[in-house]
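Colleague: Mind having a look at this structure? Questions to follow.
There are 2 protein chains.
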Amino acid sequence: MFELITKDNDARRGRLKLFHGTVETPVFMPVATRGAIRALPGSALDEIGFEIILANTYHLYIRPGVDVLDAAGGLHKFMNCKLPVLTDSGGFQVFSLSDLCKVREDGAEFRSHLDGSKHLFTPRSVLDVQRSIGSDIMMVLDQCVEYPADHSYAREACERTIRWAGEAIDYYRESFDRERQKIFAIVQGSTYPDLRKDCAKRLADLDFPGYAIGGLSVGEPKDLYNEMSEITTAELPEDKPRYMMGVGSPLEIIESVSHGIDMFDCVMPTRIARNGTLYTSQGRINIRNSQYEKDFTPLDPECDCYVCRNFSKSYLRHIFRVGEISALIYNTYHNLSYMKKLMLRVRSSIENGTFEELRREIHSYYGRP
Amino acid sequence: MFELITKDNDARRGRLKLFHGTVETPVFMPVATRGAIRALPGSALDEIGFEIILANTYHLYIRPGVDVLDAAGGLHKFMNCKLPVLTDSGGFQVFSLSDLCKVREDGAEFRSHLDGSKHLFTPRSVLDVQRSIGSDIMMVLDQCVEYPADHSYAREACERTIRWAGEAIDYYRESFDRERQKIFAIVQGSTYPDLRKDCAKRLADLDFPGYAIGGLSVGEPKDLYNEMSEITTAELPEDKPRYMMGVGSPLEIIESVSHGIDMFDCVMPTRIARNGTLYTSQGRINIRNSQYEKDFTPLDPECDCYVCRNFSKSYLRHIFRVGEISALIYNTYHNLSYMKKLMLRVRSSIENGTFEELRREIHSYYGRP
Numbered sequence: 001m002f003e004l005i006t007k008d009n010d011a012r013r014g015r016l017k018l019f020h021g022t023v024e025t026p027v028f029m030p031v032a033t034r035g036a037i038r039a040l041p042g043s044a045l046d047e048i049g050f051e052i053i054l055a056n057t058y059h060l061y062i063r064p065g066v067d068v069l070d071a072a073g074g075l076h077k078f079m080n081c082k083l084p085v086l087t088d089s090g091g092f093q094v095f096s097l098s099d100l101c102k103v104r105e106d107g108a109e110f111r112s113h114l115d116g117s118k119h120l121f122t123p124r125s126v127l128d129v130q131r132s133i134g135s136d137i138m139m140v141l142d143q144c145v146e147y148p149a150d151h152s153y154a155r156e157a158c159e160r161t162i163r164w165a166g167e168a169i170d171y172y173r174e175s176f177d178r179e180r181q182k183i184f185a186i187v188q189g190s191t192y193p194d195l196r197k198d199c200a201k202r203l204a205d206l207d208f209p210g211y212a213i214g215g216l217s218v219g220e221p222k223d224l225y226n227e228m229s230e231i232t233t234a235e236l237p238e239d240k241p242r243y244m245m246g247v248g249s250p251l252e253i254i255e256s257v258s259h260g261i262d263m264f265d266c267v268m269p270t271r272i273a274r275n276g277t278l279y280t281s282q283g284r285i286n287i288r289n290s291q292y293e294k295d296f297t298p299l300d301p302e303c304d305c306y307v308c309r310n311f312s313k314s315y316l317r318h319i320f321r322v323g324e325i326s327a328l329i330y331n332t333y334h335n336l337s338y339m340k341k342l343m344l345r346v347r348s349s350i351e352n353g354t355f356e357e358l359r360r361e362i363h364s365y366y367g368r369p
Numbered sequence: 370m371f372e373l374i375t376k377d378n379d380a381r382r383g384r385l386k387l388f389h390g391t392v393e394t395p396v397f398m399p400v401a402t403r404g405a406i407r408a409l410p411g412s413a414l415d416e417i418g419f420e421i422i423l424a425n426t427y428h429l430y431i432r433p434g435v436d437v438l439d440a441a442g443g444l445h446k447f448m449n450c451k452l453p454v455l456t457d458s459g460g461f462q463v464f465s466l467s468d469l470c471k472v473r474e475d476g477a478e479f480r481s482h483l484d485g486s487k488h489l490f491t492p493r494s495v496l497d498v499q500r501s502i503g504s505d506i507m508m509v510l511d512q513c514v515e516y517p518a519d520h521s522y523a524r525e526a527c528e529r530t531i532r533w534a535g536e537a538i539d540y541y542r543e544s545f546d547r548e549r550q551k552i553f554a555i556v557q558g559s560t561y562p563d564l565r566k567d568c569a570k571r572l573a574d575l576d577f578p579g580y581a582i583g584g585l586s587v588g589e590p591k592d593l594y595n596e597m598s599e600i601t602t603a604e605l606p607e608d609k610p611r612y613m614m615g616v617g618s619p620l621e622i623i624e625s626v627s628h629g630i631d632m633f634d635c636v637m638p639t640r641i642a643r644n645g646t647l648y649t650s651q652g653r654i655n656i657r658n659s660q661y662e663k664d665f666t667p668l669d670p671e672c673d674c675y676v677c678r679n680f681s682k683s684y685l686r687h688i689f690r691v692g693e694i695s696a697l698i699y700n701t702y703h704n705l706s707y708m709k710k711l712m713l714r715v716r717s718s719i720e721n722g723t724f725e726e727l728r729r730e731i732h733s734y735y736g737r738p
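Residue numbers (our numbering), protein chains in the order written: chain A, 1 to 369; chain B, 370 to 738.
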């Protein structure tokens, strides 16, 4: 499934063959939590050129629900998406969004954040939901811990995550179409190097098709993020894809690529876009700023996306200030275009052995680690 | 400027030659109040095939303001729109939106609904603003009255509207580029046939390039709307374009076309779209309805717009219920596509002498007048 094409130090240039298509890595996956990328028409996905998107098992399980997804013939048909889809297991959402989440040995009991109805996610049941979704990459149920967490609590969550991963890979092997759907394990361990290493090694022994790092970028300081990213990645099998969950900013991504991460997803580019914050080749700007009132140049002179080809900062500022929905559409479109182009540059810099140059450039505009 | 191509009874098929392009009539103009159509990316305008859009002098005067529009080189460049633009004068907004509007003999004094700052719109000043905007069609300042209004108050507003129109046409003739910008007068008169007729006749004497009917579809009963539409239109010069302001529903449009109206604008298709109400060839539907939960057919089997080609009712219902912005985008896209196709059918039915058949079809799905 995964081909490691070349490396530049630890940074990896790879290729992921999935049921719905081939994905070049490193890759950024835009987030379509509920089967739609927020504030972006579906046609823009193709225009920008994304190769894979992410959706969320918890949200889709709550709405539209498994029966609708089954009736539709899976998420791809439901949302009319031809790209590979990776789904998070919902573990993170159960622990962060739902009311009254109770961790049991066999799974996580929770109440829907919408109507309070009671549900149980088990290592097997989340895979069943992801079978209904038709995910190209399914994620195992894991137990996330908030930051900070004490060592014994983080250790307990790690042990449970590893045990659940074992149940999941067994169930996957006995009853899934392994050509159609892949499954990734998730390394937890909070900010403790011993837990991260132990978790990564023991999950590696289970021989999953791919590995994710969870529980980072949840509020810990930058240096701890980078330390954990580096330590954990070093323990993961070289021949399997590595996915850093919920990350991140251009800076976090460039750092984790340097540690050998291949895949990323994050709501940040779309979320900050809706707040008027835009990525450019010269760093972040906020379009509300009065300095753009009569600035008739594009958002980013080095960007050739639909928004930069058609609209000025002055216009984008105006429609944002008066509350036009098209401001959210254009800002989202541009930020995702930025992410796509950033990943293209990351790929070619690894191929050319110039990744460190690109990394320094990103540092100069997006801060140092 | 206006060519009357053919008629089917009183329904007219025409062509309007404007600075930024040719517009076939009858035409529906989507509303870009502040220089953007709500919830629609600019690219969709071309895709749907609109020929002219509407913007608003009051809103653009408040934000981004004349100095920004001047610096941008007008609204067309500012919003990157190649289509003709018609701008309402702001008269309606001054009377309905602003705080403390005071009608003076020389104009309307008002406070901005945004910051309370004090402004005066005169018959000349609104044309100056529309010169900065660069409107293909400018509207005169008029005095709108709410429904119901008593006869003497409506009469007074009519007299003022006619006097202001006289000032406007004089100013237009002495200092505007008449090839680049056209100007329309607005017939008022509330729901009084004598006032409507008198106003229409006296404005016709001023020999404007085009005429609008204002102050209708403001809450009066359907039969009064139709009566006023018919009476007023009958008094307007045959060789000038006729524009029914702020109208309307498929039913109102089909009725006013039957009276000889050529141009329409309305926020309704976009506003109800954001509430989940969608026009189809079989009438209105609301996409929130539970009957669409597992309905995997398109919104409208007779529609070939982007939304109908790509998404099912089930999916559109889902994204609307979970609050996705793309639901607003898709609903808006479809309703404007419906309006565009309706006007295409109106045009060809007049050409073919089958307008009454189409009118009966619309009655059967959208109610009778």
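The beta-carbon is built from N, C-alpha and C at its ideal position, and this holds for glycine as well.
#1: Answer with yes or no whether the minimum CB distance from E324 (chain A) to chain B is below 8 Å.
#2: Residues in the same chain with beta-carbon distance under 7 Å from Y661 (chain B), minus the five sequence neighbours each way, listed in chain order, please.
#3: Can you confirm whether P30 (chain A), when its beta carbon is compared against all beta carbons of chain B, has any partner nearer than 8 Å?
#4: Alpha carbon to alpha carbon, what distance is there between G443 (chain B) and R63 (chain A)?
#5: If we define contact as Cβ-Cβ less than 8 Å, is L414 (chain B) a contact residue for chain A?
#6: Cutting at 7 Å between CB atoms, please list the residues of its own chain near R524 (chain B), excluding the five before and the five after it.
#7: Hey, is S683 (chain B)'s beta-carbon within less than 8 Å of any beta-carbon in chain A?
#8: Taking CB distances under 8 Å as the criterion, tell me whether G404 (chain B) reaches chain D.
#9: Please state the DSSP three-state secondary structure of K570 (chain B).
#10: Mind checking if Y365 (chain A) is an interface residue toward chain B, Cβ cutoff 8 Å exclusive?
#11: Where do the ends of the alpha helix (DSSP H) carrying L16 (chain A) lie?
#12: Any chance you could list the alpha helix (DSSP H) runs of at least 4 consecutive residues sitting entirely within the stretch 188-259 of chain A, in chain order?
#13: Going by alpha carbons, who is nearest to L141 (chain A) out of A:S152, A:Y147, A:P148 and A:V129?
#14: Residues of chain A with CB closer than 7 Å to the CB of A440 (chain B), please, in chain order.
#15: Taking three-plus beta-carbon pairs below 8 Å as touching, is the stretch 548-563 of chain B in contact with the stretch 574-593 of chain B?
#16: For a contact meaning CB atoms closer than 8 Å, what does V437 (chain B) contact in chain A?
#17: Output, in chain order, the set of chain A residues within a Cβ distance shorter than 7 Å of R690 (chain B).
#18: Could you tell me which residues DSSP pairs with F184 (chain A) in its beta bridges?
#19: What does P26 (chain A) touch in chain B if you count any residue whose Cβ is under 7 Å from its own?
#20: Check this for me: beta carbons of N679 (chain B) and R643 (chain B), under 8 Å apart or not?
#21: For P410 (chain B), would you say it is in contact with chain A, using Cβ-to-Cβ distances shorter than 8 Å as the test?
#22: Measure from the alpha carbon of Y702 (chain B) to the alpha carbon of each residue in B:F724, B:P670 and B:Y648, then state which is nearest.
#23: Using the beta-carbon of each residue, which ones in chain B are nearer than 9 Å to F92 (chain A)?
#24: Flag D407 (chain B) as yes if its beta-carbon sits less than 8 Å from any beta-carbon of chain A, otherwise no.
#25: Return the chain-ordered list of same chain residues with a C-beta closer than 8 Å to the C-beta of I502 (chain B), the five sequence neighbours on each side being excluded.
#26: Under a Cβ-count criterion, where at least 16 other Cβ atoms within 10 Å of its own Cβ denotes burial, should E693 (chain B) be classed as buried or exposed?
#27: Name the two residues that bound the continuous beta strand (DSSP E) containing L278 (chain A).
#28: Suppose you measure from the CA of I641 (chain B) to the CA of E416 (chain B); what does that come to, to the nearest Å?
#29: Hey, V556 (chain B) and G588 (chain B): beta-carbon distance below 8 Å or not?
#30: Using a Cβ-Cβ cut-off of 7 Å (strictly less than) and excluding sequence neighbours within five positions of S586 (chain B), which residues of its own chain qualify?
#31: Identify whether M29 (chain A) lies in helix, strand or coil by the three-state DSSP scheme.
Modeller: According to the data block:
#1: yes
#2: K682, S683 and R686
#3: Not closer than 8 Å to any Cβ of chain B, the Cβ of P30 (chain A) fails to qualify, so no.
#4: 46 Å
#5: no
#6: L564
#7: At least one chain A Cβ lies under 8 Å of S683 (chain B).
#8: Here chain D cannot be found, since the structure's protein chains are A and B.
#9: helix
#10: At a cut-off of 8 Å between beta-carbon atoms, Y365 (chain A) makes no contact with chain B.
#11: L16 (chain A) -> not in any alpha helix (DSSP H); beta strand (DSSP E) instead, spanning A11 to L18.
#12: 193-205, 222-235 and 250-259
#13: The shortest C-alpha separation from L141 (chain A) is found at A:V129.
#14: K294
#15: yes
#16: E293, K294, S314 and H318
#17: R63
#18: As DSSP reads the structure, F184 (chain A) sits in a beta bridge with A:M139 and A:G210.
#19: Listed along chain B, no residue sits closer than 7 Å to P26 (chain A) by beta-carbon distance, the nearest being about 27 Å off.
#20: Contact flag unset, no.
#21: yes
#22: B:Y648
#23: By Cβ distance, chain B contributes nothing, its closest Cβ being about 18 Å from F92 (chain A), past 9 Å.
#24: The sequence shown places Arg at residue 407 (chain B), rather than the Asp named in the question. Contact with chain A is found for R407 (chain B), since one of that chain's Cβ atoms lies less than 8 Å from the residue's Cβ.
#25: Around I502 (chain B), the same chain offers A424, T426, L429, L438, G443, L444, V454 and T456 as residues with beta carbons nearer than 8 Å, after the five sequence neighbours per side are excluded.
#26: buried
#27: T277 to T280
#28: 21 Å
#29: no
#30: Counting only Cβ-Cβ distances below 7 Å, and skipping sequence neighbours, we find Y594, G615, V616, G617 and E621.
#31: strand
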